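**Student:**
Residue numbers (this note's numbering): 90 to 218.
(1) In this structure, what does DSSP give as the bridge partners for residue 132?
(2) Measure from the alpha carbon of residue 205 to the alpha carbon of each residue in 170, 172, 114 and 190, then state which is nearest.
(3) Compare the Cα-Cα distances from residue 215 to each of 194, 208 and 190 and report the closest residue.
(4) Starting from residue 98, trace the alpha helix (DSSP H) in both directions and tell me its first and last residue.
(5) Is it true that the CB of residue 139 sits closer than 9 Å to the CB of residue 186?
(6) Taking Cβ to Cβ, would you say residue 147 is nearer than 9 Å to residue 109?
(7) May I have the straight-line CA-CA distance separating residue 163 from residue 118, to the nearest angstrom?
(8) Consult DSSP for residue 147 and reduce its assignment to one of helix, strand or coil.
(9) Which residue from 145, 172 and 91 puts its Cα closest to that of residue 130?
(10) What is the DSSP secondary structure of residue 188, reduced to helix, strand or coil?
(11) Please say whether residue 188 and residue 143 have beta carbons closer to each other than 9 Å?
(12) With a threshold of 7 Å on Cβ separation, who are the neighbours of residue 112 within its own chain once the five nearest residues in sequence on each side are excluded?
(13) Pull up the CB-CB distance for residue 159 and residue 194, whole angstroms please, since I reckon it's below 8 Å.
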């Protein structure tokens with residue numbers, strides 16, 4: 090296996106572990122799991138959860154080197170929004186429910202940090218309807 094392929098596979102494994110950690114944290118915080126790695130024609134959503142009357146579409150990022158905030162690019166945000174629209178239509182989500190797009194950043198654990206996870210609510214906005 091070439092080094093680039095090995096790096097890509099390692100990054101994917103790390104991303105999946107980060108998604109599972111984020112999901113465990115969200116469930117512990119009272120969210121209900123709806124979907125993981127939801128794939129649609131136009132994009133993918135890492136996690137979909139519900140808390141009360143809010144459907145939350147989460148992008149999970151394992152923290153990159155210092156100076157990178159992990160925010161999805163505008164093009165990635167559009168793809169996530171398109172996938173959210175498809176999720177809403179396919180699962181017959183009530184229009185009475187609110188939708189939110191969150192970013193969860195996970196960093197390597199160190200004993201100096203209290204929590205290696207940051208949850209940015211309403212990280213970006215799009216009209217899922």
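We put the beta carbon where it would ideally sit given N, CA and C, even for glycine.
These numbers come from a predicted model, not from an experiment.
**Tutor:** Taking the coordinates as given:
(1) 129
(2) 114
(3) 190
(4) 92–117
(5) yes
(6) no
(7) 29 Å
(8) strand
(9) 172
(10) strand
(11) yes
(12) 122, 125 and 136
(13) 5 Å
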